[in-house]
Amino acid sequence: GCDKPEVLDRALGAGMIDEGFADPRAAVGGADLVILATPVGVILDLLTQIKQAADSRALVTDVGSTKRLICQRAREIFGEEPLFLGGHPLAGKERSGVENASATLFEHARYVLTPLLPNHLEDERVKAFWGLVEAVGARPFVTEASTHDRAVAFFSHLPQLVSSGLASMTSDQGVEEFLPLDLAASGFRDVTRLAESPYGVWRDICLTNIENIQAALEALIDKLEDMKLHLSDRELERDFIKGFKLREKLRQVK
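Counting the sequence shown from 1 gives a position; the working numbering is that position plus 43.
What follows is the structure, given as structure tokens:
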């Protein structure tokens, strides 16, 4: 693994890695598989170094939460020796760090793959990685980077901003004087769970998917304004019914 010394010490102590490196170029030398698991901005900065240091037979992939800019940069840098494959496991926790690692994190989760070219899926290195994804319990899902970014703006990035925004807004209202937290019900706790996520990770996600996130926010604002207008009449029921039906469909997605 490659990380800060104190993180490597904890990972080595827990038996999660066999060897630790401070220099990413030293870490990837001779590796068959290189996984870039850093904030998106760091991935973008690392790609050139990794291309130069990685073995020609290696597969380089990432787990960044946005894909368009990463794949665009990789397309400019990588050929087939080494080969780059965009990736994003749709699984995670609101808290990061070695101490929050989970061996079952990927079980039953979609693992998005965004190959730079369709024929890369036939490469033996990609086939081997596909098998690894399945071995940890995840389900590979191939799509284009732009499609991925548009979808996760609604399914991942918007929920994060709603969670953080709701928690922040509630704090602004005066949680001690006017809104005692002892009265916070399970719904509030569920919706604000993601507010525990660190901004350091989400900063790069927002910066690299601005247009899609703005579109999602505008759609939600329009919907909330419409719901606000119908609080006193039966028109509000339409949104409850549509929301219920969407949840029904979601339960059927495997």
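Heads up, the beta-carbon is just placed ideally off N, CA and C, and yes, glycines get one too.
In the structure shown, PHE64 adopts extended strand secondary structure according to DSSP, grouped into three states. With fewer than 16 other Cβ atoms from the protein chains shown falling within 10 Å of its own Cβ, ASP225 counts as exposed. With fewer than three CB-CB distances shorter than 8 angstroms, the region 198-206 does not count as touching the region 159-175. Contact check between the region 104-118 and the region 277-285: fewer than three CB pairs, one atom from each, fall below 8 angstroms, which does not count as touching. Taking 8 angstroms as the cut-off, the beta carbon of LEU79 is found closer than this to the beta carbon of ASP105. The beta carbons of ILE248 and SER108 sit about 5 angstroms from each other, so the pair counts as a contact at 8 angstroms.
The shortest CA-to-CA distance from ASN252 to any of ARG111, SER145, ILE93 is the one to ARG111. Collapsing the DSSP output to three states places VAL155 in a strand.
For the pair LEU237 and GLN203, the CB atoms are nearer than the 8 angstroms cut-off. No Cβ-Cβ contact shorter than 8 angstroms links VAL103 with LEU87. Within its own chain, the residues whose Cβ lies closer than 6 angstroms to the Cβ of VAL176, once the five positions on either side in sequence are excluded, are TYR154, PRO183, listed in chain order.
In this structure, HIS131 is the residue among HIS131, PRO161, LEU222 with its C-alpha nearest to the C-alpha of ALA194. Across the set LYS136, SER139, LEU128, VAL141, the C-alpha of LEU128 shows the shortest separation from the C-alpha of PRO161. Residue environment analysis places ILE113 among the buried positions, since at least 16 neighbouring C-beta atoms fall within 10 angstroms of its C-beta.
Using a 10 angstroms sphere on the CB of LEU89, the tally of other CB atoms reaches 16 or more, which defines it as buried. Excluding its 5 nearest sequence neighbours in each direction, ALA101 has C-beta neighbours in its own chain below 8 angstroms: VAL71, ALA74, ASP75, LEU76, VAL77, PRO125, LEU126, ARG168, listed in chain order. The residue from GLU254, PHE172, GLU187, LYS47 with its alpha-carbon nearest to that of PRO158 is GLU187. With contacts defined as CB atoms closer than 8 angstroms, THR235 and SER275 fail to qualify as a contacting pair.
Judged by DSSP secondary structure, HIS131 falls outside any alpha helix (DSSP H) and instead within the beta strand (DSSP E) spanning 126-132.
Sequence-distant partners of GLY180 (beyond 5 residues in either direction) whose C-beta falls short of 6 angstroms from its own C-beta, in its chain, are PHE149, GLU150.
Within its own chain, no residue has a Cβ closer than 7 angstroms to the Cβ of ALA228 once the five positions on either side in sequence are excluded. Fully enclosed alpha helix (DSSP H) runs of no fewer than 4 residues occupy 83-96, 111-120 of the region 77-125, in order along the chain.
In the three-state reduction of the DSSP assignment, VAL141 falls in the helix class.
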